[in-house]
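The structure under discussion appears below in the form of structure tokens.
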Amino acid sequence: MKATESLKRGECIGLDAEFTGSNEMLELAVLDLSLEPLFESLFTPARSRRWSKVPHGITPAMVKGKPKFAWRVPRVQRIIDRCRYMVGFALENDIAHLRAERVERLETKRVLDLRDWFWLIYGRHHGFDYREGVGLTVICDELQVTADTNGPHRAGYDTECTLRCFLMLMERFVERQGLPEAEFDEVVGRFDSEFDTAMAEYRRAAAAGFLSLVVNDEGTVMIKANKERPAECIESVAVADRHEALTALGRRLTGRHRTGRIILPAVTPEVITELRRCSCS
């Protein structure tokens, strides 16, 4: 694929880190997009002596005699300085920890989140919601990607699986877009444009719902915002953005900002009229 061939070694990297419960670094793996290892090491935490082994399985005995992460920061920094792109799954967490460990200039790198690529190219066409139920294991299972290395949830294994999935998805995107001669930067730019459009549509669909006037078992009158129309309600209207519509309705009925629901003293004609004004139909 010309897109990946246009990159120099170390320009696009994948990385993953594992931590103690108190967020001290236990392991970091960095691979080039070609799957060549650039850095991989276990670390002895500066403070923690015990931690949960879930999900990474790293024990105190495994890191005995290993360097502290602070001793390897200059080497990691050289890798970061050389790269332009970083690939990962929910990479913002790893970036935050690296920044806390004094790795610099991370904000200058373009992050390619596997979650975004999976959802746009595969997930949304197969019933996956962008925000729910999608982890690295799910993506690997759906794309039938595995890596015969250290086992699930170790940093090197997760990084290799992430990159394999990313490469597969990029190849599908290049083929679908008719970009066989495009270089990496152009492919990413085209992806960004399509993802932004799809995400705007997703957010509009996610925001839509209903405002419904209901009375609960205790006799409390309220207007609630729901994704689906309640089975039992006095009145219900479809709205383009249920949270914005509820806020505007709350100001008209009570003069205050409301979120989640509006409690009312009684069902009145004014309430019905104002609720119907919210309808997007």
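This note's numbering puts the last residue of the sequence shown at 311; the count rises by one with no breaks. Backbone N, C-alpha and C define an ideal beta-carbon position, used for all residues, glycine too. Since the structure is predicted, the reported quantities are computational estimates derived from the model, not experimental observations.
By the beta-carbon neighbour count (other beta carbons within 10 angstroms, threshold 16), residue 272 is buried. Taking a contact as a CB-CB distance under 8 angstroms, the pair residue 112 and residue 40 counts as one, their CB atoms being some 4 angstroms apart.
Between residue 86 and residue 183, the CB-CB gap stays under 8 angstroms.
Between residue 76 and residue 124, the gap from beta carbon to beta carbon reaches 8 angstroms or more. Counting along the chain, no beta strand (DSSP E) covers residue 232; the unbroken alpha helix (DSSP H) around it starts and ends at 214–237. The DSSP-derived three-state label of residue 187 is helix. Non-local beta-carbon contacts of residue 291 in its own chain, meaning distances under 8 angstroms to residues more than five positions away in sequence, involve 252, 253, 254, 255 and 276 in chain order.
Exposed is the label assigned to residue 126, since fewer than 16 other Cβ atoms lie within 10 Å of its Cβ. For residue 116, there is no enclosing alpha helix (DSSP H); the residue is part of the beta strand (DSSP E) that begins and ends at 115–118. Counting of Cβ neighbours within 10 angstroms places residue 65 among the exposed residues, the total staying below 16. Residues of the same chain with a CB within less than 6 angstroms of the CB of residue 270, apart from the 5 flanking positions on each side, are 238 and 310 in chain order. Residue 140: member of the beta strand (DSSP E) spanning 140–143, first to last residue. For residue 54, there is no enclosing alpha helix (DSSP H), as DSSP marks it with neither H nor E. Taking C-beta atoms under 8 angstroms as the contact rule, residue 118 and residue 163 fail to qualify, at a distance of about 19 angstroms. Counted as a single uninterrupted DSSP element, the stretch harbouring residue 73 is not any alpha helix (DSSP H), since DSSP gives it neither H nor E. For residue 252, the enclosing beta strand (DSSP E) stretches over residues 251–256. Residue state for residue 195 is assigned as helix, using DSSP reduced to three classes.
Residue 107 holds the alpha-carbon nearest to the alpha-carbon of residue 136 among 107, 32 and 143. Between residue 116 and residue 133 a beta carbon distance of about 12 angstroms is seen, past the 8 angstroms cut, so the two are scored as non-contacting. Put simply, the backbone Cα of residue 33 is about 12 angstroms away from that of residue 208.
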